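Scroll down for the structure; my scribbles are underneath it.
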Amino acid sequence: MSYNVNEKGYYGEFGGAYIPEMLYPNVEELRQQYLKITAEPEFQEEFDALLKDYVGRPTPLYFAARLSEKYNTKVYLKREDLCHTGAHKVNNTIGQILLAKRLGKTRIIAETGAGQHGVATATVCALMGLECIVYMGEIDIKRQAPNVARMKMLGAEVRPALSGSKTLKDATNEAIRDWINNPVDTYYIIGSVVGPHPYPDMVARFQSVISKEIKEQLLEKEGRENPDYVIACVGGGSNAAGAFYHFLDDLDVNIIAVEAAGLGVDSGESAATSALGKIGVIHGSKTLLMQSLDGQITEPYSISAGLDYPGVGPMHANLFATGRAEFISITDDQAMQWGIKLSQLEGLIPAIESAHAFAVLDEKKFKPTDIVVFNLSGRGDKDLNTYIDYFKL
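Heads up: the sequence shown begins at 90 in this note's numbering, then just goes up one per residue.
See below:
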């Protein structure tokens, strides 16, 4: 069996396109075109050139000597924090903006939680001279102020989502509403491996440059392409999808997905979808979803704005349901402590999202010979205010 998407847009029982009729033409156009367009040599050439000269790829695979010594195993960090804009998000927005241009779209919309995807979208819109509107929950606008300022500097309009929990889910609802109202000239750049098919597959493919580079870099450093473990945080799950992509069907590679437990999995203030979720439909996709007994979406919580999504991408739902990946839930406190620990052990201040992944080192014992690759998906500049408040720095 393969853990990749099938021709109908499903990963096992998860995925598909559950969309209002108004959006059918847009999504269908995308589904029919995305593989054809992205396979064109001209597209590939432009995409690769921008990743190299604009984003700064390949990002290094860094051997973390002090971390390795402390935990008695070989720890490598995939340095997505070194990408232009400070996180992995830009890999995907570059791909999608090139697609939008080829589809003749002139207006770009996006949703954002932590603001990193909003910044990455605003960045590529500035690069290509296209109008950009970013929907962001009112609460996220407050807690991610530096990223809001960056989006505005880049010429984007940031529109607050004022409904529901006023976070990522609600920003996504607003973006979908906008798309329904402006179907002809507007392209919706989704920031994660969520939404109706073909988005989860498309975003995963654009992010798969991460695992492609990991294989090449490990071969050079260790004489083998595959790590024993690849570990990444999962909200919607695009950085994880990119880090796992080329290892999905290689069962020798252990995959660990790290979710945000918030104040604790059973605290009622959590975003641990694998532990708390049941099958449902959110934002056009059938997946695991945190919901009440009568099917109402329950509000997720995490100290990290990028992980408080009530669902998870269908690829990850399938990895969980089939047991292909191990899912571990990490609390706010564990993640925050790791933010400090990684800063002081390796001189790297991680995004709070990424800090969740490293807490696995306290949860699992690795062998001294194991090669353990963490996806350091973003840097912590955007979270300094949260770190300051939390630790009274």
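By construction, the Cβ of each residue, glycine as well, lies at the ideal position given by its N, Cα and C atoms.
The model shown is predicted, which means the values in this text are computed figures rather than measured ones.
Does the beta-carbon distance from residue i to residue j come in below 7 Å?
i, j, result
"Asp170", "Gly436", "no"
"Asn181", "Ala321", "no"
"Ala245", "Val223", "yes"
"Ala361", "Ser300", "no"
"Ala260", "Glu200", "yes"
"Glu144", "Val179", "Going by the sequence as given, residue 144 is Val instead of Glu. Cβ distance < 7 Å, so Val144 and Val179 count as in contact."
"Ser430", "Phe103", "Per the sequence shown, the amino acid found at residue 430 is Lys instead of Ser. No; because the gap between Cβ atoms is not below 7 Å, this pair is not in contact."
"Leu187", "Glu135", "yes"
"Ile228", "Thr210", "no"
"Leu139", "Ile183", "yes"
"Glu388", "Ser254", "yes"
"Leu156", "Leu482", "no"
"Val292", "His405", "no"
"Tyr288", "Ile279", "yes"
"Thr420", "Ala350", "yes"
Select from the options the residue whose C-alpha is nearest the C-alpha of residue i.
i, options, result
"Glu302", "Asn315, Met291, Asp290", "Asn315"
"Ala176", "Gly184, His206, Tyr318", "His206"
"Asn407", "Gly384, Leu337, Leu473", "Leu337"
"Gly373", "Asn93, Val116, Gly101", "Val116"
"Phe480", "Ala444, Ser443, Met425", "Met425"
"Pro249", "Ile269, Met240, Asp259, Met225", "Met225"
"Val213", "Leu192, Gln233, Thr174", "Thr174"
"Tyr99", "Ala444, Pro403, Arg266, Lys453", "Pro403"
"Gln306", "Lys456, Ile460, Gln122, Pro389", "Ile460"
"Leu124", "Asp290, Thr420, Ile230", "Asp290"
"Val247", "Ile197, Leu473, Pro287, Ala293", "Ile197"
"Arg413", "Ala446, Pro399, Asn343", "Asn343"
"Ser297", "Lys167, Ile386, Asp142", "Lys167"
"His286", "Lys231, Met242, Ala154, Gln122", "Gln122"
"Leu352", "Ser391, Arg266, Lys471", "Ser391"
"Asp341", "Pro109, Ser359, Asp317", "Asp317"
"Lys471", "Ala238, Ile477, Gln233, Phe132", "Gln233"
"Asn270", "Gly193, Cys172, Met111, Val319", "Met111"
"Tyr476", "Gly428, Leu450, Phe455", "Gly428"
"Phe447", "Ala238, Lys456, Val319", "Val319"
Classify residue i: buried if its beta carbon has 16 or more other beta carbons within 10 angstroms, exposed otherwise.
i, result
"Gly218", "exposed"
"Gln423", "buried"
"Val283", "buried"
"Thr275", "buried"
"Ile345", "buried"
"Tyr334", "buried"
"Val273", "exposed"
"Met240", "buried"
"Tyr107", "exposed"
"Gln185", "buried"
"Ile265", "buried"
Looking at the secondary structure, which residues open and close the beta strand (DSSP E) in which residue i lies?
i, result
"Val164", "163 to 168"
"Glu220", "220 to 226"
"Tyr277", "275 to 278"
"Leu377", "374 to 378"
"Tyr318", "318 to 322"
From which residue to which residue does the alpha helix (DSSP H) around residue i run?
i, result
"Gly207", "205 to 217"
"Arg155", "154 to 160"
"Tyr113", "113 to 128"
"Val298", "298 to 311"
"Ala446", "441 to 447"
"Glu197", "The residue asked about is misnamed: residue 197 is Ile in this sequence, not Glu. Taken as a continuous stretch (DSSP letters only), Ile197 belongs to no alpha helix (DSSP H), being part of the beta strand (DSSP E) at 196 to 201."
"Gly351", "Gly351 -> not in any alpha helix (DSSP H); beta strand (DSSP E) instead, spanning 343 to 351."
Kindly examine the ligand ADP and report whether one of its heavy atoms sits closer than 6 Å to the Cβ of residue i.
i, result
"Ser157", "For the structure depicted, the ligand ADP is absent and the ligand set is empty, with no information on it obtainable."
* To do: Evaluate the contact criterion for the segment 218 to 233 versus the segment 376 to 389: three or more CB pairs, one atom per stretch, below 8 Å.
  => no
* To do: May I ask you to verify whether the segment 328 to 336 touches the segment 149 to 163, counting CB pairs closer than 8 Å and requiring at least 3?
  => no
* **Contact between the segment 192 to 212 and the segment 349 to 367 (3+ Cβ pairs under 8 Å)** => no
* Asked: If we count Cβ pairs, one from each stretch, closer than 8 Å, do we get three or more for the segment 430 to 445 versus the segment 388 to 398?
  -> yes
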